[in-house]
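Accompanying notes for the structure given below.
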Amino acid sequence: MGFRGILGHEFVAEVVSSPHKDLVGERVVGEINVVCGRCDLCLSGLSSHCRNRTVLGIQNRDGAFADFVRLPAVNLHVLPKGVDDDAAVFVEPLAAAFQVLKQVKVDPKKWVTVLGDGRLGLLVAQVLRDAGCPVRVIGKHADKLALCEKWSIRSRPLSDIAPRHDQDVVVDCTGSAAGFELAMQMVRPRGTIVLKSTFAAGKPLNLAPLVIDEINVVGSRCGPFREAVKALAEKRIDVASLIHRRMRIDQGVEAMELAGRPGVLKVLLTMDT
Ligand SMILES: [Zn+2]
């Protein structure tokens, strides 16, 4: 997004000041889109696509890697005790994973593949399994695929895959053009590809398979916080296994570099110094 400013959009915080006095002192997570409520998209129920929106730590709004952060009260969700701070930090990406269920119908009879064993791929896979879908994860990292085994989710290394145009749904969480190309080879005619991450294609992408096989492509971004909080409170999703390391905010630059390395899942920043 070309954003310059304070980063950070996955956070847990305590409310220290609000005109809504009942919120003060509560432990909260926050939806990241701040919307106008007046534009045509807001008025038609598409406020997450508000034309005038700012997005925490991403677009025209300083984010959460700071001592204090501001959000409208309407964006906040008070956390139940059953969701500890570590788990709470995953509400935002987990909500994005739940968004897949809002957009695509899955059932136990459908063949569904998640491409990519990064943070989001592993959350999406758990959400689909939780919805009763016999999902399979394709990835490059043996340790991540071992996590799938722990969760009773089928997985295969990328090197073993021979695409057969036989999947009803492919959720691409690779964030790469190569992932999207593979998804086009894996999905069946009239099947669905869900794109969960944006990528900047460095080479021309051949979109002919979309036409020839009449494939639906669904872009998918933010999702329902309430469902994510509930799933974490009910321990239906394991996020603790995704935490790679905890670091202090004064180690923030180092933490960013670590989080950017291939194979590293989640690095948590704490505000304690
Ligand atoms: Zn709006």
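To convert, take the position in the sequence shown, counting from 1, and add 3; that gives our numbering.
Think of the CB as a built atom: it goes at the ideal place given N, C-alpha and C, for glycine as much as any other residue.
Output the boundary residues of the alpha helix (DSSP H) element that contains R167.
Looking at the DSSP string, R167 is not in any alpha helix (DSSP H), and its letter there is neither H nor E.
Counting Cβ pairs closer than 8 Å, one from the segment 176-192 and one from the segment 150-160, do we hit at least three?
no
Nearest to F6 by CA position, among K24, D43 and I61, is which residue?
In terms of CA proximity to F6, I61 leads the group K24, D43 and I61.
Check each candidate in L59, V31, G121 and V127 and name the one with the smallest Cα separation from R264.
G121
Spatial neighbours of G8 in its chain, beta-carbon cut-off 6 Å, leaving aside the 5 residues before and after:
D65
If you follow the alpha helix (DSSP H) that G182 is in, where does it begin and where does it stop?
A180 to M189
Per DSSP, which residues does H80 bridge with? Please list them.
V32
Length-filtered (4 minimum) alpha helix (DSSP H) runs lying within the segment 47-135
Counting only runs that start and end inside the segment 47-135, the alpha helix (DSSP H) elements of at least 4 residues fall at 88-91, 94-106 and 122-133.
So, helix, strand or coil for S223, using DSSP?
Coil at S223, not helix or strand.
Quick check: the segment 198-208 against the segment 228-237, are there 3 or more CB pairs under 8 Å?
no
Out of curiosity, what's the CA-to-CA distance linking Q129 and L123?
10 Å
Count Cβ pairs between the segment 182-199 and the segment 216-227 that sit closer than 8 Å; are there 3 or more?
yes
Touch test, the segment 35-46 against the segment 86-94, Cβ-Cβ under 8 Å, three pairs minimum:
no
Hey, out of D25, V94, T201 and D70, whose CA is closest to I252's CA?
D70
Which residues share a DSSP beta bridge with D241?
Paired residue(s): none; D241 is not in a bridge.
Beta-carbon contacts of A236 that lie in its chain and below 6 Å, excluding the five residues immediately before and after
Within the same chain, P83, G85 and V86 come within 6 Å of A236 by CB-CB distance, once the 5 residues on both sides are set aside.
For P111 versus P137, is the C-beta distance shorter than 8 Å?
yes
R167 beta carbon near ligand 1 (any heavy atom closer than 7 Å)
R167 has its CB no nearer than 7 Å to any heavy atom of ligand 1.
Using beta-carbon positions only, say whether G11 and F101 come within less than 8 Å of one another.
no
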